[in-house]
Structure formats: C-alpha cells, structure tokens
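Residue numbers (full-length UniProt numbering): 1 to 1056.
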C-alpha cells in the first residue's frame, strides 16, 4: 500500500467535528469493555451509555424498540467470554444484530431498529453467526499476543457498500492484540459479509489440553462446551486436535456489503494495539454517513424517527436512560458509567510511548464535569436497594447530591463540618553528638515500643519496607491499634473489639443493614473520619519543625519517584481484605463452605503511628488526637436510635463505649483517640527508646537479631498433589480453549505445624506472637511490601493465651493499589516469574557460602568468585528470557488491560496511563515482570470505593474477572480433602491473594497483594502459591513456577 493511498483513505475517516453520536455499548461482562472509551473523542464519550447484555431494556424486544433503539445512533458490541451461539452468553446481542441486518421494506423498522454496528472479538463473531457463518477453533489460540493486519486491494472494503472503510488510514502490517480461542470460519461466510482484514498465524507449538481421565471422572464443576462451540455453530472444519506444521489464515475484519456493520477479531482498545483510535474514527464517520443518507431518502418519517429527531445530539441521551439520584455501587469487573472527559487519541504507531495512552490530563481536562450513565432507574424516592443483575445500587435520600457532585476524596473537610480530631506529629532529628537508629534497628524498635509493655490486646502492626533502597516503597510504619473491626461475609456482622477486650469472645457485633456490604459500611466510616479530622500539620514542640513532605532530599538521589511517594500514613486503619470479600465486591453469592475461623476482613484503627523514611533516614511519630475531652467515648446521642439507622461512625462509637470499667479506664468511657497531652507523653517515650537503642550500639542489635533469626518455618505440605495441580492447569487450559476465559490464576495451599512451645522456654524461644518467625522470613526474602500483623485470637480458633497467637507474616513484592492525597491511583501488577540464579531446584550449591571471606582458603575464594560470575551471567540471561517470553508477556498484558478497565470505572479516562509496561524487577530469590498503571480519581470517589472496584486483584484471578472467578471457585476446590490434622482447611483462599495495607484519615491508601505470605494461627501455618495459566502454559512449567514462589517463603513438600 502506497503512502498516498494511506493519506487519501485517512481523509475518508474523519467525521464532522460537530457531530457527537449517541453510542450504546453492549457489555458481555468483559473485563476490557471500559477500555473502548479510550478510543472515543470527548464529545462522543459524553453521549455514550454502557448496558449489560442482561439489562431488561435490551433483553425485552418491546422495551428495546421503544426505550433504547430510537435514541441511539450506533452500537458497539463488546468482547466477552463464551460463544455467540450460547444464548446465555450472547442471546440479546444476537437478536439486536438480526434486527440491524434484516432486509425489510417497512421504512419504520429500518429507521427504528437498523443501526450501525461495530463488533469486537465476541461481537465480531456474533456478526458472522447472525449472517449464517460458523465458528471454528483456531489452530493457534491467541491470548495477549500480537498479530499483523493484512489485506489486499480486493478485500480492503472497496465493494461499493454503505459506510467508510474501517481501516482507512491504517497501514498494512499494523500490530493488534488478540484474545481469542474461536475464530470465524471464512469458508462459511455469506456473500454479504466480506473479509476486510486477515492475519496469518504460524503453526501451533502447543499441545491439546489433557487432564487425566481420573481427574475428569471426579470433577463435578462446570464443564466447558464441547470444542468451545455450541452444536448449532460447530463448523465441520473445527476439531479439538491441533494439526502440526500448518499455518492458518485468520479472519481479522469483516464488513457488511450494504450496511455500516463491521467486525474485528482483535482488541483495538488494548494497550499494545496500534491505530485503534483511527479505526474508531472511521466507524463514527461511517455511522454519520449512514444517518446522512437515511435522512435524505424516503417520504415522511414514522413516529420512531420523530422521536429520534426530537432528541438530537445537542440534547444527548433522553432522561429515561440516565440515573436519577442513584449512588453507584457497581462491581469492579465492569463499567456501568461512561465519563464525560477530555479523551484524546491513542498513539498512532507501534513505536509510541506506552505512557501516552491518552494525552496527559491537564487541569482543564480534569475540570470537565462527569456524568454517570447506564444506571438502573426506580420510581421510588425512599431509601431502598434495587437488585439489578445481582449488583446493588442504593438510592440516595431525597436531596442528596449525585456522585459526581460529592467532594473529592482528597478534600480534607466538608464545608461547614466540625473537626473532632486532628493529626499532630513529632520529627526526631540527629545532633552532632548523637545519632538515631537506622533501618537495621527497626525490629528492636518495634519490639520495645509495640510488642512488650506498650502492646495492645487487639494486636500490633508493622508495615515494613524490608528491602533496602527499594524504589517503590519509601516508608515503614509501626503502630499499636486502639480497636479492631472483624467482618465475616457469611454472617454479615462486624465485630468491634477495643484494646480493653480481654478474651476472644469479647466485643460488640454490628449486623449490617439489608443491601449494605462491608465495603459500603467501611467506606462510610472512612469518609466520616476523613471529614472530621483536621490535617493541618501540628508539631507539639516549638523547637522541632516538620519539613515539607514533598521537598527533595540529598539522601534520595538515584531513588525513583522520591517526591511522588510523599503521602504517608499518619493514622487510620490498617488491615486486610481477604479473597472471600470478592463475594461483595463482585456481587456474587457468598461462599457457604465453612471450617475456617479466619475473618474475611480485619481492620485495626491506629491513632499512634511511628514512620521511618528509608530515603531520608528519619523517624516521625504521628498521633490522631481529640479536639475535646470526649474523644470517641460518647456516641453523640446515638443510643436512642436504632442500630440500623446509625452511621458507621456512630455504630463504632457506640460499640467501643460499652466496655465496663477497667484499671486503664476507671470511668468506663473508652477514649479511642488520645488527647494532646497523651500524644506528647507518647512522643517522649518514642524519643527515649530511639536514643537508647542508638546509644547501645550495633553489638546489642546483633544479639537481639540473633535471638530472633533462629526461628524457622516448618516443612509445609501441599493441599494438592503434583499430579492434581498439573491436572488443574490442563483443565484451566481446556476452559481457555473453549473461550470461557483468557487467563486463569490457579492457586493451591501448603500447610504445616510449628513445633510445640517447649517447657520453660524463654520468650524468644517460645515466639508466641510469631514475631521471631517474621524477622527470619524478612531476612530471607526481603520485599518492598512486607508486613507483620499480630492479631487477637478468635473464638474457637487454634490460637489462645497459653499458646501461640494469630499473625500474618507477609513478604509481598506486589503493590495492589496506592491512592495519594492528590487523588492519583497507582497499581503495579506482577505476572511472569523466573527463579534467580542459585534459587532454582538443583542450583542450591551455587549459592555463596555464609562464612566470611577471611575464613576461606584460597581455593574456596576462587570457587566463590567462579560461582559469583556464574550467578551474574545467569541472572542477565534469565532477565532477558523473562522480558521476551511470549507466554509471560501475554499473562502480564491481559492483567494490564484488565486493570486499565478497572481504573476507567472511577478515574478520569484521560488520566489512565501505563508509564512502565512489562519491566523486569529482581528480588532476593526471583525475577518478575512488573507493570505500572496510573489514573486520577474522579471527584466523589473514595479510596475504599476505588479498592472495591478493583477487588479482587486481577493478577490473582485472570480475565475476564467475573467468569474466571466463577470457574476457579470449582476448579481450585476440587481434589482438596479435609483432614483431622488440619480441620480448618477449606477450598477458599482466605487471606491469601487478598489485599493488605492502610487507609489514612486523610483519604490516602496503600495496599499490597497478599502473596509470599505465611498465615499463622496458633501452631498452624499456611502459605498460598499459584500462577496464571494461559493456553501457552505447560503443566510442568506452571508447577515449577508455583513451587518456586512457595519456596521463597519456606521449605515445602508436595507429593507426586
């Protein structure tokens, strides 16, 4: 294709600048649907509505014809799992396509139901099936891989039909991303559907999914459709077998001969696809041309056309398709609202920087208003919960502002609201004659200030950036909580325990109101705290001044993003959302399997926090103090109200004021935030301990470390056998081959028991709170998002006052989400893992000796130099191999596209960007492929809501998220048997693969994915591990990767 032809075709794809079509996107519960918004101009995005294919306004033909079709100018049919021939997957869209393609003489029907259509992936296949074509399984299944578009002059869309060529201005050879197992059988296409683009797939190198017959015979979960196809669409050329040595021409684009109906097999919205915005412009130009021609032809229009003209583009969408005072509580796997924002074009060449997914958002673009569309309506004006497709939407009270009018999450106060608390701080500095402790002294400082005499009965917290000089985690935090919130999805009860609680069954239960989730409840509590806490910096001692948080520091030279990580945890909640919280974030049924005493979410309120800045090497103490003597001791007159009518904050206040008189609290009013006097006394205690530890010198620190590092994990035994795990990988590949998912994250668990506490054991030897075990683990596997959470015992659990307690010991390398006070959101998915040199199975002898260099003989020193050179060379090779591995890159890309779509559901579309795509990062024992995704929160979206929209982490589920989670529920639980030795075992993942971190009183937040983590309950220890499975995966390779991850935590054993 010549340059001139490209330029001439590009001109045909430019729609009039003053035309903003009203688009309907039909979503098939796909995790990538929202990314289509990044291809739309701002004016079009403002008049776009996204509806699930199950929405009654689409599913009911009469309602669709009356309420939707007359007010829509074009349709985009989204990707999605499954097959277009399965009614449950595609039934509604199939009927709508038939209407759009039907040839009739009735001008009314043509005007009312015939609309321009663009089908993407599943939508593309649906167009072919609606025209009578059949599908077949591709010989080479493509998930997260790129293809080059090809065409010839004969099949480039030049056949005299209505509509602009979809690929005008797109050069031949443009690269696009594919997520598909099924393809259109070109031989079965009708004459009116022409091929406009294709790609040549190479010969496949993967084997057919083959779970063992024993596994298939015993597996009782959902089964993929035969060959992934319904019998009515099964092409005679389709087969489960994959012919070897043969390439295949794949239909990548189709177009109707006389109507503006287009289909593309690939995903133009993917971060690694090129020219997607150009294709979208071409589609919009075709839609405009269609309506221009239709408007010039024929006699007077029908009533339907009159309605369409009445709602012209200046008015946008009609009111019956817009929300009326509904506060959005949608789930994270889909986008229910299109945001009006200044969205710019995607990069137009493969060489474009991935950080320029859209133009950087300016103050002007972010100032544009946001409109929520596609929310269900209700005629009721009372407070009620409406169930739509198993997702909850709660109507705001009359007069409540819509979501887009609420204050931004980073606004510290509501206008006119009363501050009840404020944050005070104390910076501890060095002097010419006296130094302060460093990061090496952190375990000893935590032991002195938060473990022993100052310990709280509800636990202790150390959010520990344990990896020295890590560019991603600048701060560590230590805290002793005032009270704790524990939640279980099956009972829907929040248990509140204060530091006055002495026994596991002490505390006060709050049962959530019908239709309310823990995410809603915690969001309200967090918002109330944020609105009532003054964030103006207050320093208690005049001679100490707190430096500007964002100022550069000479010690931070060479450390990445020194100023962007300035938001710190000054007080608020620390804790975790366990994986089972997906039941509420995704709107799925609650798990009914029991057997575990672990809460699904635990959060501790910390009013005193000690922060260590690893870059500036300085300690700062923060305290949330009461503005009056009442503190949190009064419920604000709430005792006369019913519990269901209380706000979350009032419920907690009421709960924590119930404990009886104690020695600490003789008046019986538990003050949950200290006074300024109490904060000053605590600052003095911190100062004394810091100076005492610094004065003791390194010898005392070494003795302390030695007493802790002697602890070690026991050998942990796998819930699954190696054979069962391989079978699960093969079964996952079978689901992927059937088109049910693009990627499935299979996990398993390893369990063991610590040796009983010996008689007359010292405190260090007994290690009742597992702190010594954590210190040993952080030394072995240093990670940027390490954490130690010592939790109170739960009634009926294996932990107790006479034995070991309950704790989470995490060495996670993966950030889930960070929300800055400015409202910027960052996520860092990890997909792709390779063991470092010396840490793969059979390479242990290549690790360095522990003896000092002075104690080695000359021959031993030479051998150590040889091994060091081998490790260095191998690590370089492995980094390069990981960066280029198509299977690993595909895994990462699928999650990156999923996360982009998640962020688009609550961020300004123009702000969602990928500054770092698939970079290799090296940790103590493994190399990993890491991507950074960022966005800017829309006004009114809190950090809790942002977390809910993205939970569970996509890197731990696969994509599409909802369908993948449903498959994993059955697949992972299969083959795991309960045992008398570990009665708490259950198929659910529990804490593992959830999110752990903090929610600040200023609205900021930082959470890590719970991986590389040991969960301790009494003497019982459990560790989860797994990996993402794509069709390119091999069972042995996935097993090896999972074992490498588990070994990074402790010794493991997995029977064959």
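Note that beta-carbon positions come from the ideal geometry of N, C-alpha and C, so glycine has one too.
About 5 Å separates the Cβ atoms of residue 718 and residue 750, confirming a contact at the 8 Å cut-off.
Between residue 19 and residue 278, the gap from beta carbon to beta carbon reaches 8 Å or more. Using a 10 angstroms sphere on the CB of residue 451, the tally of other CB atoms reaches 16 or more, which defines it as buried. With respect to residue 533, residue 624 sits close: the two C-beta atoms are nearer than 8 Å. Residue 955 is a Cβ neighbour of residue 829, given a cutoff of 8 Å. Within the same chain, Cβ atoms closer than 6 Å to the Cβ of residue 676 are found at 625, the five residues on either side in sequence being excluded. Non-local C-beta neighbours of residue 509 in its own chain, meaning closer than 6 Å and more than five positions away in sequence, comprise 493, 495, ordered along the chain. In terms of Cβ geometry, residue 1030 and residue 1023 do not form a close pair [threshold 8 Å]. For residue 464, the closest C-alpha among the options 771, 275, 138 is that of 771. Non-local beta-carbon contacts of residue 272 in its own chain, meaning distances under 7 Å to residues more than five positions away in sequence, involve 146, 177, 893 in chain order. The DSSP-derived three-state label of residue 903 is helix.
Judged by their CB atoms, residue 570 and residue 1000 are nearer to each other than the 8 Å cut-off. As the crow flies, the alpha-carbon of residue 461 is around 11 Å from that of residue 603. Each residue's CA atom was taken as its position, placing residue 1003 and residue 825 some 12 Å apart. The residues 69, 99, in chain order, have a CB closer than 6 Å to that of residue 113 in the same chain once the five nearest residues on each side in sequence are set aside. For secondary structure counted as the beta strand (DSSP E) over 3 or more consecutive residues, the UniProt domain "Glutamine amidotransferase" (249–285) holds these complete runs in sequence order: 261–264. Between the alpha carbons of residue 82 and residue 587 lies a gap of roughly 20 Å. DSSP places residue 119 within a strand segment (E or B) once states are collapsed to three.
Beta-carbon to beta-carbon, residue 960 and residue 994 are separated by about 20 Å, too far to satisfy the 8 Å threshold. Residue state for residue 625 is assigned as strand, using DSSP reduced to three classes. Contact between the segment 897–916 and the segment 928–938 is present: 3 or more CB-CB pairs across the two stretches fall below 8 Å. Secondary structure note for residue 735: it is in no beta strand (DSSP E), and the uninterrupted alpha helix (DSSP H) holding it is 722–737.
By the C-beta density criterion, residue 697 is exposed, having fewer than 16 other C-beta atoms within 10 angstroms. If you check the CB distance, residue 990 and residue 598 come in under 8 Å. In the three-state scheme derived from DSSP, where H, G and I count as helix and E and B as strand, residue 20 is classed as coil.
Note that the C-beta distance between residue 811 and residue 777 is below 8 Å. Pairing residue 172 with residue 149 gives a Cβ-Cβ distance under 8 Å. Assigned with DSSP and collapsed to three states, residue 460 falls in strand. Per the C-alpha coordinates, the member of 747, 769, 743, 748 positioned closest to residue 754 is 769. Excluding its 5 nearest sequence neighbours in each direction, residue 711 has C-beta neighbours in its own chain below 6 Å: 767, 772, 773, 776, listed in chain order.
For residue 748, the pairing in a beta bridge is given by DSSP as 1025. Residue nearest to residue 861 within the set 872, 849, 870 is 849 (criterion: CA-CA distance). Per DSSP, the unbroken alpha helix (DSSP H) holding residue 521 starts and ends at 518–531. Within 10 angstroms of the beta-carbon of residue 831 lie 16 or more other beta-carbons, which makes it buried.
Looking from the CA of residue 575, the closest CA among 782, 1034, 809, 511 belongs to 809. Fewer than three beta-carbon pairs drawn from the segment 39–46 and the segment 54–73 are found closer than 8 Å, and the two stretches are therefore not classed as touching.
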